[in-house]
Amino acid sequence: MSAEAEPGMADGSDEHVRRVRLPADRRTPAAARALVRSVLAEADLEELLNEALLLTTELSTNAVEHARTELDIEVAADGVGLTVTVSDFAVGPVDELVVGVRNDSDEITEVAERGRGLLLVDHFASRWGTTYLPTGKGVWFRLDRPDAAPPARRTAVAEAHTPLTGADSDDAAHGAPSAAAMSELMQTSPDPYAEDPLPEFATDLVTRLAEMVGAAGGVVRLDRGDGQGTQVLARYGRQPRDDNELIRVPLAVHRPYAGELELDAAPSAYARPLAVLAAERLSLHLENDRLRRADVRRSAWLTFLAEASELLAQSLDVELTMALIPQLVVPRLGQWCAVHTTDEWGRLRLAASSHADESVLPQLHKVLQETGPESIQARLREASRSASQVPLGAPMEGFAVPLIARGQRLGTLAVGRHQRHRHDPDEVSVLEDVARRAALAIENARIHAERRRVAQTLQQSLLPPVLPVVEGIGFAAEYVPTGDEADVGGDFYDVLPLPDGRWLVVIGDVSGKGVQAAAVTGLVRDVIRVLVGDGKPMPEVLGRLNETLVERGGGRYCTLAMAAVGPAEGGQLDVALHLAGHDRPVLLHGGGGAAFVGTGGTALGLLDSIATPTAEIPLGPGDALIFYTDGVTERRRGRELFGTERLRDAAAPLAGYSADVVAARLRATALGFSVEAPRDDIAILVLRNDAL
Numbered sequence: 010m011s012a013e014a015e016p017g018m019a020d021g022s023d024e025h026v027r028r029v030r031l032p033a034d035r036r037t038p039a040a041a042r043a044l045v046r047s048v049l050a051e052a053d054l055e056e057l058l059n060e061a062l063l064l065t066t067e068l069s070t071n072a073v074e075h076a077r078t079e080l081d082i083e084v085a086a087d088g089v090g091l092t093v094t095v096s097d098f099a100v101g102p103v104d105e106l107v108v109g110v111r112n113d114s115d116e117i118t119e120v121a122e123r124g125r126g127l128l129l130v131d132h133f134a135s136r137w138g139t140t141y142l143p144t145g146k147g148v149w150f151r152l153d154r155p156d157a158a159p160p161a162r163r164t165a166v167a168e169a170h171t172p173l174t175g176a177d178s179d180d181a182a183h184g185a186p187s188a189a190a191m192s193e194l195m196q197t198s199p200d201p202y203a204e205d206p207l208p209e210f211a212t213d214l215v216t217r218l219a220e221m222v223g224a225a226g227g228v229v230r231l232d233r234g235d236g237q238g239t240q241v242l243a244r245y246g247r248q249p250r251d252d253n254e255l256i257r258v259p260l261a262v263h264r265p266y267a268g269e270l271e272l273d274a275a276p277s278a279y280a281r282p283l284a285v286l287a288a289e290r291l292s293l294h295l296e297n298d299r300l301r302r303a304d305v306r307r308s309a310w311l312t313f314l315a316e317a318s319e320l321l322a323q324s325l326d327v328e329l330t331m332a333l334i335p336q337l338v339v340p341r342l343g344q345w346c347a348v349h350t351t352d353e354w355g356r357l358r359l360a361a362s363s364h365a366d367e368s369v370l371p372q373l374h375k376v377l378q379e380t381g382p383e384s385i386q387a388r389l390r391e392a393s394r395s396a397s398q399v400p401l402g403a404p405m406e407g408f409a410v411p412l413i414a415r416g417q418r419l420g421t422l423a424v425g426r427h428q429r430h431r432h433d434p435d436e437v438s439v440l441e442d443v444a445r446r447a448a449l450a451i452e453n454a455r456i457h458a459e460r461r462r463v464a465q466t467l468q469q470s471l472l473p474p475v476l477p478v479v480e481g482i483g484f485a486a487e488y489v490p491t492g493d494e495a496d497v498g499g500d501f502y503d504v505l506p507l508p509d510g511r512w513l514v515v516i517g518d519v520s521g522k523g524v525q526a527a528a529v530t531g532l533v534r535d536v537i538r539v540l541v542g543d544g545k546p547m548p549e550v551l552g553r554l555n556e557t558l559v560e561r562g563g564g565r566y567c568t569l570a571m572a573a574v575g576p577a578e579g580g581q582l583d584v585a586l587h588l589a590g591h592d593r594p595v596l597l598h599g600g601g602g603a604a605f606v607g608t609g610g611t612a613l614g615l616l617d618s619i620a621t622p623t624a625e626i627p628l629g630p631g632d633a634l635i636f637y638t639d640g641v642t643e644r645r646r647g648r649e650l651f652g653t654e655r656l657r658d659a660a661a662p663l664a665g666y667s668a669d670v671v672a673a674r675l676r677a678t679a680l681g682f683s684v685e686a687p688r689d690d691i692a693i694l695v696l697r698n699d700a701l
C-alpha cells in the first residue's frame, strides 16, 4: 500500500503501527484479531476492543471468502483512535450495502454477504472507506474514542463514507445497537442436544432483535406443510399491529415450508436490515430442520415399503392380498382406499376398501358405485385405460393409480386425501410404489391360485371319485396332499373289479412330485386297468408295468401294493397280496391286535426283472387290512419320524371299528404328530371284512 493511501493516520510520536501479510485461510480472521488486540493494548485503547474485533472479523472474513488472495492487514493506533485497513489483490469493486430481490419467484429481500459486513462497519465505525490500487483494493475503518475529537483526515486516493446516522429519530431514541449485542445476535444458535430446539432458538432470536431495535413485539410464523397450517413458532412482547408500521420479512425456506418474521417496529435505517439478518439466520436453521425431517420421513417411507412388501409377499391368496392393501394405505397414506380389479369383460369390480372412519364406509361404497361422466367410476376407468395417475374430484377427493404387473392391467388403487392435508410429492411416489408392489402381489397370488387349481384338478383325476360299495367288504380311503397345494404328488390308490368277480385294491407311490410324477402316476393307473381288464394275472401285470416304466426311462420308479380280494367259505375273505417295493400293510384283527403282513418285492422301473412274491392272507369277519404310503411313516416332528411301529400301535386300538373310522383315525393321528404341513402326500386305504 502506498503512503498516501493510509486513511485516518494521526501524526505524533505515540502512533503504533503493525503491518502483516496473511494467506487466504480460514484462520486469517483470528490472526487479524490477535494483531488488533495487541495494538490496542499497546496504545491503551481497550475501550475500542469489542467494536474493533467485530469489524476486523467482518472485513477479513469477507476478503478471504470473496477475494481468495493473500491479505495485507495494517493496524494503526494513536492517542484518539484506531485505523484498520484490509487489502487484497483481487481485481473488482468492493460490494456496497445491498438490499434487493433474491429471485423473481420468491421476492425475498436479503443483504449480500459482504454487504452485511459493510452494514456493521457503517454502523460502528467513525469513518470508513475503500482504497483502490493497481495491485488490488482495500477497505478501511476508523474508530475514535467517544471523548476525543477525530483527527483531521488526510487526502487519500479512496472513497470515504460517513456512518448512516443523524436522520433516524427512532435510532436516536432507542440507541444504536452495541457491538456486543450485534455479536450475540449473530452467534445465537439452537441447542444441539434439545429434542426440538427451534422454538427456543427462534424466541431467543426474536427477543434479542426486538430489544436491539426497540420493538414492542415480534412473532415468527411457520407452516411446515404437514396439514397443521401456519403455527406460531416464537413470540415476543405484544401481538404485532396490523398497520403500515409493521416490518414483515419472509423466511427464505423451501417448500413445503413457508413463514415470515413480523416485527412491531418502525422501518428505521437499522430495524429492517437487522430483521432481514435475523430472518436469514433463522431460515438457515429451518432449512436444516426441513432437510432433517425430510430425511427421517424418507427413511420411514423406505421402512414402510419394506414392511409392506414383506406383508404382501406372505400371502398367496388373492382375496386376502386385496383385503390387505387398503389396510396398509389407511390412515398412513390416505383417509380412504379402494381396490378395484378388472374382470374378464374389462369391467372394474370393487374388491376391497377401507376408511379411517368406518361409519363412512357405506357412503364411500355408494359413491364408488355411482356412474356418469364425472363420477369416480369414470375417473377410475380413465386411470386403468391410460395407465397413469388420475385425480379424483369431490365428494371423495384424492387420486387413482393403475395396478399394472408384468404388462397386465389388473385394476386401480384409489386413495382419498386427508381433510387437512394434501399429498406431497414424496407421498405420491410412495403410493405409486405401493400400487406397483400390490399389483405384483395380486398377480403372483392369481398365478399361484391357478397353479393350485390345476394341481388339484390333476390330483383328483389320479384318484377314484368314489369307492365302490360291495356287500360284505368295506372300503375306505383318506388322502392328504402335500403342504404345497400348488404341486401334484405321486401317491395314488384305486379299487376296481376283476373279471373273475373279485376286487383289486391298489395303492402306490411314484417317486418325486410335480407334473412329471403325475404323468407317471397316470400311466401306472392306466396300464393296470388295461391289463386287469384283459384278465392278466397279477404277476404278469406287475412284470409288464415294470417293462413299461423301464422303457420310458426318466429315472422315475414306483412302489406298489396290490391285493386281489374275494369271498371264501365261512364268511372269510381271501387276499392275494403282491408288494413291489412298498411298505407291508398292517393286519388289524377284529378281536384285537395288529401285525405287519406280506413279503417285500422289487420296486417297479429300476431293474429289467423283478420279484413280487404272493402272500395269501385270510381275513376273518371284523379283520381289516391297512395300506399306506410313506407320507405317513416319514412324517417328521423335528428329527423324529412317525415310523411304522407307531402306525401299528395307533391301529391296534381301532379293532372292531368300520373301515371309514379306522382310516379317519389314522389320518388324524398322523397329522397330529407334527404341527408342520405335510412334506409328502399321505394316502391311507383300508380293506375290511364286514361279514356278520
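Heads up: the sequence shown runs through residues 10 to 701, numbered per the working numbering.
Beta carbons: idealized from backbone N, C-alpha and C, even for Gly.
Item                                                                                                              : Value
Cβ distance (whole Å) where Ala40 is taken to contact Leu31 below 8 Å                                             : 6 Å
Stretch-stretch touch, CB-based, cutoff 8 Å, three pairs: the segment 446-462 with the segment 650-667            : no
Spatial distance of Thr557 from Ala315 (CA atoms)                                                                 : 52 Å
Inter-residue CB distance, Leu80 and Ala72 (contact presumed, cutoff 8 Å)                                         : 5 Å
Nearest to Arg356 (by Cα), restricted to the options Leu634, Glu367, Ala387                                       : Ala387
Start and end residues, beta strand (DSSP E) containing Pro382                                                    : Run containing Pro382: none; DSSP gives neither H nor E here.
Leu628 beta carbon less than 8 Å from that of Val671                                                              : no
Residues near Leu295 by beta carbon distance below 8 Å, same chain, minus five either side                        : Leu207, Leu231, Leu260, Val262, Tyr266, Gly268
Pick from Leu505, Leu532, Val348, Val338 that is closest to Leu320, judged by C-alpha positions                   : Val338
Selection from Phe408, Ser135, Ile482 that minimises the alpha carbon distance to Leu701                          : Ile482
As assigned by DSSP and simplified to three states, the class of Thr171                                           : Residue placement at Thr171 is flagged as unreliable, the pLDDT there being 40, under the threshold of 50; the coordinate-derived value follows with that caveat. Here Thr171 sits in coil by DSSP.
Simplified DSSP state of Gly90, which is helix, strand or coil                                                    : strand
Cβ pair count under 8 Å reaching 3, the segment 639-652 against the segment 594-612                               : no
Check whether His364 and Trp345 have beta carbons under 8 Å apart                                                 : yes
Residue environment, Asn297, which counts as buried when at least 16 other CB atoms sit within 10 Å               : exposed
Beta-bridge partners of Asp273, as assigned by DSSP                                                               : Leu255
Integer Cβ distance of Leu91 from Leu62, believed to fall under 8 Å                                               : Contact doesn't hold; Cβ gap of about 11 Å is too wide.
Beta-carbon separation (whole angstroms), Val519 vs Val504, contact threshold 8 Å                                 : About 18 Å; that fails the 8 Å criterion.
Sequence-distant residues of the same chain with beta carbon closer than 8 Å to Ser198, five excluded per side    : Phe210, His294
Backbone CA spacing between Gly564 and Asp535 [nearest angstrom]                                                  : 19 Å
For Lys146, three-class secondary structure by DSSP                                                               : strand
Ser198 in three-state terms, based on DSSP                                                                        : coil
Helix, strand or coil at Ser618 according to DSSP, with G and I counted as helix                                  : coil
Pairwise C-alpha distance: Pro335 and Leu255                                                                      : 49 Å
Spatial neighbours of Ala659 in its chain, beta-carbon cut-off 7 Å, leaving aside the 5 residues before and after : Leu675, Thr678
For Leu588 and Ala573, the rounded distance between their alpha carbons                                           : 12 Å
Start-to-end residues for the alpha helix (DSSP H) that takes in Phe210                                           : 207-222
DSSP state of Pro282 mapped onto helix, strand, coil                                                              : helix
Buried or exposed (CB count within 10 angstroms, at least 16 for buried), Asp304                                  : exposed
Beta-carbon gap between Ala225 and Asp273 smaller than 8 Å                                                        : yes
From Ala624, Phe408, Asp632, residue whose alpha carbon lies closest to that of Gly601                            : Asp632
Nearest-angstrom beta carbon gap, Arg657 and Ala603 [assumed within contact, 8 Å]                                 : 5 Å
Residue from Val410, Pro576, Gln398 with nearest C-alpha to Pro630                                                : Pro576
According to DSSP, residues forming a beta bridge with Tyr637                                                     : Ile693
For Pro411, the residue or residues it bridges with in DSSP                                                       : Thr421
CA nearest to the CA of Val348, picked from Leu286, Leu300, Val424, Ser277                                        : Val424
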